[in-house]
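What follows is a single structure, written as structure tokens, with notes after it.
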Amino acid sequence: MVRALGDPDGANLDRIQVIKGWLDADGKLHERIYDVAVSGDRKIGADGRCREPVGNTVDVANASYTNTIGNATLGGYWKDPDFDPAQKAFYYVRVIEIPPPRWTAYDAKFFNIDMPEGTAMTVTDRAYTSPIWYSPN
């Protein structure tokens, strides 16, 4: 069971993900991302991923955004579909917010300047949990 509550003064939540890592027989590290909960009416596919983006409400010129997309809270249940009791693994949860303006957008507005072409004007903030380590013995 996974549940996340957004910051009341921050951006709404886009999705909750579980990241699984494991070593194969050759000692090579692998990671796989599973979406556990997504905001809005989006769906998680059979591969464990939601391919539809949450959207973006950022008004770069005014360095503002609205919480009209995403959710204040998200939660769900997840079970590892590829669990192998003989394989070491680690798991952690990542929570992703909807995009708010990046500091560059605030600076551009405040100083009334144009940022160089290619400058990121939005950001995707994330929160991470501590990992859970699974060992067969």
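Just so you know, we're using the numbering used here here: the sequence shown kicks off at 13 and counts up by one.
All residues carry an ideal CB built from backbone N, CA and C; glycine is no exception.
Euclidean distance between Cα positions of residue i and residue j
i: residue 101; j: residue 108; result: 23 Å
i: residue 144; j: residue 55; result: 27 Å
i: residue 112; j: residue 23; result: 7 Å
Reduced DSSP category for residue i - H, G, I as helix; E, B as strand; rest coil
i: residue 122; result: helix
i: residue 66; result: coil
i: residue 23; result: coil
i: residue 49; result: strand
Residue j beta carbon less than 9 Å from that of residue i
i: residue 28; j: residue 58; result: no
i: residue 104; j: residue 140; result: yes
i: residue 25; j: residue 85; result: yes
i: residue 120; j: residue 75; result: yes
Per DSSP, the bridge partner or partners of residue i
i: residue 33; result: 43 and 102
i: residue 113; result: 134
i: residue 85; result: 17
i: residue 107; result: 28 and 139
i: residue 147; result: In the DSSP output, where bridge partners are listed per residue, residue 147 has none listed.
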